[in-house]
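The structure appears right after this line, and notes come after that.
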Amino acid sequence: MYFAEHYVELLRIAEERFGVRFPKLRELLMLSGAVEPSPLLEEALELMSLLLERDREMPRAYFFAILPRDFTDVVGLVLGGSSRVSVPTEEGSYELRGGLGRALLVRDGEVIRELREGDEVTVGGLRFRVFSRSCYEMAEGPLKTLIAFSLLAKRMRAVVAASSVPTQSIVWRGPRGLERRP
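Under our numbering, the residues of the sequence shown are numbered -9 to 172, in order.
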């Protein structure tokens, strides 16, 4: 799981390295309000194309998975990992920070060490392993979802907005006002 901050970082890197900007994607990720679907669709397709072509020039995206203690705990590893994990302990609050370009072990806000892919670290009795994937692999799922929602919004004459909290239904804002669909 990656967070909005990682995708904002991806947009910043694309702008710095390749001179391309994605203002509507940035607006959506910053939760600045609803975005018209047509320009959003174009930017999502352009970013996906850029990542397909230039992925080798982009930094790796790091994340962490809890290693199972025994066979019954293997579900945690199968379900994937997260790019940010916090573990409170008696010695202080530890955080594993991943995302684009590097993975860090942090205690109480101070970087203890930089981690590499394949490293294993034990924090508060939990064992974690560092994994990475390409930027394209990090972004392809969310971009495909965004492309599909942009197409639906165009068809329904609605706009696209992001939320910082999960929802049980989709709220469409169109010419008829708000409409909730499960």
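Think of the CB as a built atom: it goes at the ideal place given N, C-alpha and C, for glycine as much as any other residue. It should be emphasised that the depicted structure is a prediction, and the values quoted were computed from it without experimental measurement.
With DSSP as the reference, please indicate the residues paired to Ile56 in a beta bridge.
Phe118
Just to confirm, are Met20 and Ser73 a CB contact at a threshold of 8 Å?
no
Nearest neighbour of Gly99, chosen from Leu86, Glu110, Glu47 and Gly108 [CA to CA]
Leu86
Beta-carbon gap between Val10 and Leu18 smaller than 8 Å
no
Going by the CB atoms, is the gap between Arg106 and Leu57 shorter than 8 Å?
no
Flag this pair as yes or no: are the beta carbons of Leu31 and Leu133 separated by less than 8 Å?
no
Kindly indicate which three-state DSSP category Ser22 falls into: helix, strand or coil?
coil
Which residue marks the beginning of the beta strand (DSSP E) containing Tyr84, and which one marks its end?
Gly82 to Arg87
Just the C-alpha distance for Gly82 and Ile137, rounded to the nearest angstrom, thanks.
42 Å
What separation, rounded to the nearest whole angstrom, lies between the Cα atoms of Ser122 and Asp109?
11 Å
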